[in-house]
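Novice:
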Amino acid sequence: AQKITQTQPGMFVQEKEAVTLDCTYDTSDQSYGLFWYKQPSSGEMIFLIYQGSYDEQNATEGRYSLNFQKARKSANLVISASQLGDSAMYFCAMNWMNTGFQKLVFGTGTRLLVSP
Amino acid sequence: EPEVTQTPSHQVTQMGQEVILRCVPISNHLYFYWYRQILGQKVEFLVSFYNNEISEKSEIFDDQFSVERPDGSNFTLKIRSTKLEDSAMYFCASSELAGGTDTQYFGPGTRLTVL
Numbered sequence: 001a002q003k004i005t006q007t008q009p010g011m012f013v014q015e016k017e018a019v020t021l022d023c024t025y026d027t028s029d030q031s032y033g034l035f036w037y038k039q040p041s042s043g044e045m046i047f048l049i050y051q052g053s054y055d056e057q058n059a060t061e062g063r064y065s066l067n068f069q070k071a072r073k074s075a076n077l078v079i080s081a082s083q084l085g086d087s088a089m090y091f092c093a094m095n096w097m098n099t100g101f102q103k104l105v106f107g108t109g110t111r112l113l114v115s116p
Numbered sequence: 117e118p119e120v121t122q123t124p125s126h127q128v129t130q131m132g133q134e135v136i137l138r139c140v141p142i143s144n145h146l147y148f149y150w151y152r153q154i155l156g157q158k159v160e161f162l163v164s165f166y167n168n169e170i171s172e173k174s175e176i177f178d179d180q181f182s183v184e185r186p187d188g189s190n191f192t193l194k195i196r197s198t199k200l201e202d203s204a205m206y207f208c209a210s211s212e213l214a215g216g217t218d219t220q221y222f223g224p225g226t227r228l229t230v231l
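See below:
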């Protein structure tokens, strides 16, 4: 069964520093997508970045990049130049072809705190 | 920028009552989803809906749950007889297509409290 593991319940980083949030996944499907979402204290889920299993380049979106290591089944989120507004829960998620990519499975999340 | 909207933002109900949670997906999206997040836990998939029928559902989505697209814009989740353990944040999401590249965009959620 598909599974997402986020082993860091909490992370601290100083403003303007970079931080890496870990995500490993498990699937037997060859075709899948990996996503990161941000959940601020207000509760909404904000899409950050996507990586497809066949993408050879690591995805980047502004200050967010995804360090995709397929052989290790990891999809770590890197946030460069952290800002106070980055303080939030971060969830890694995946979908896969066997369910028509319709079902997202989420990890347990990492709470990021950015300090001044 | 288009967004998914949900109403109400917070619903309080008594155990055994029926509730309907409402969502307006992004207008050109074809796939609609419901997820729930029990406080402090991870987000769990409930159901996906395409072409006026359920296309995938989880084991959580039992007979007390139903979904409907009553008109061209709304997408609803009905819980027939609420239980205490149904207390959670319920997220609606939509995607243009269903494919590995297709991102699901989430609404702000409805916090359901069952007393």
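Residue numbers (this note's numbering), protein chains in the order written: chain A, 1 to 116; chain B, 117 to 231.
In this text, a Cβ means the ideal position worked out from N, Cα and C, and glycines have one as well.
Bear in mind the structure is a predicted one, so any value in this text is a computation, not a measurement.
Is there a C-beta anywhere in chain A that falls below 8 Å from the one on residue 188 of chain B?
Specialist: Not one chain A Cβ lies under 8 Å of residue 188 of chain B.
Novice: Report the neighbours of residue 229 of chain B on chain A: residues whose CB is nearer than 7 Å to its CB, in chain order.
Specialist: Chain A residues near residue 229 of chain B: none, gap ~14 Å exceeds 7 Å.
Novice: What does DSSP give as the partner residues of residue 129 of chain B in its beta bridges?
Specialist: Residue 129 of chain B pairs with B:230.
Novice: Going along the chain, which residues of the segment 139 to 171 of chain B sit with their C-beta nearer than 7 Å to a C-beta in chain A?
Specialist: Those residues of the segment 139 to 171 of chain B that come within reach of chain A (Cβ to Cβ, closer than 7 Å) are 147, 158, 159, 161, 164, 171.
Novice: Less than 8 Å between CB atoms is the rule here; does residue 24 of chain A satisfy it with respect to chain B?
Specialist: No, its Cβ sits nowhere closer than 8 Å to a Cβ of chain B.
Novice: Quick check: is the beta carbon of residue 202 of chain B nearer than 8 Å to any beta carbon in chain A?
Specialist: Closer than 8 Å: no.
Novice: Beta strand (DSSP E) containing residue 52 of chain A: first to last residue?
Specialist: Segment 46 to 52, the beta strand (DSSP E) holding residue 52 of chain A.
Novice: Let me know the beta strand (DSSP E) ranges lying completely inside the segment 57 to 97 of chain A, each 3 residues or longer, listed in chain order.
Specialist: The qualifying runs are 64 to 69, 74 to 79, 88 to 96.
Novice: Whose C-beta lies closer than 8 Å to the C-beta of residue 58 of chain A among residues of the same chain, with five residues either side of it excluded?
Specialist: If we look at residue 58 of chain A and ignore the five residues flanking it on each side, its Cβ neighbours are 51, 65, 66, 67, 68.
Novice: Just checking: is the beta-carbon of residue 30 of chain A within a distance shorter than 8 Å of some beta-carbon in chain B?
Specialist: Judged by the 8 Å Cβ criterion, residue 30 of chain A is not in contact with chain B.
Novice: Quick check: the segment 178 to 185 of chain B against the segment 120 to 130 of chain B, are at least 3 beta-carbon pairs closer than 8 Å?
Specialist: As far as the Cβ criterion goes, the segment 120 to 130 of chain B does not touch the segment 178 to 185 of chain B, which means the pair count is below three.
Novice: Determine, using beta-carbon pairs with one atom in the segment 96 to 105 of chain A and one in the segment 71 to 83 of chain A, whether at least three such pairs fall under 8 Å.
Specialist: No: the two stretches stay apart, fewer than three of their Cβ pairs being nearer than 8 Å.
Novice: Of all the CB atoms in chain A, is at least one closer than 8 Å to the CB of residue 121 of chain B?
Specialist: Cβ-Cβ to chain A under 8 Å: no for residue 121 of chain B.
Novice: Just checking my contact of residue 10 of chain A with residue 111 of chain A at CB under 8 Å: how many whole Å lie between their CB atoms?
Specialist: The pair is a contact, with the Cβ atoms about 5 Å apart (cut-off 8 Å).
Novice: At the 8 Å Cβ level, is residue 220 of chain B part of the contact set with chain A, yes or no?
Specialist: So yes, residue 220 of chain B belongs to the interface.
Novice: CB-CB under 6 Å to residue 196 of chain B, same chain, minus the five flanking residues each way: which ones, in chain order?
Specialist: 134, 180.
Novice: Whose C-beta lies closer than 6 Å to the C-beta of residue 18 of chain A among residues of the same chain, with five residues either side of it excluded?
Specialist: The residues are 80.
Novice: Report the CB separation of residue 103 of chain A from residue 222 of chain B in whole angstroms; it is logged as a contact under 8 Å.
Specialist: With a Cβ gap of about 14 Å, residue 103 of chain A and residue 222 of chain B do not count as contacting.
Novice: For residue 165 of chain B, tell me which candidate among B:173, B:218, B:158 has the shortest Cα-Cα distance.
Specialist: The option with the nearest alpha carbon to residue 165 of chain B is B:173.
Novice: Output, in chain order, the set of chain B residues within a Cβ distance shorter than 7 Å of residue 102 of chain A.
Specialist: Within chain B, the residues near residue 102 of chain A are 147, 164, 171, 172, 214.
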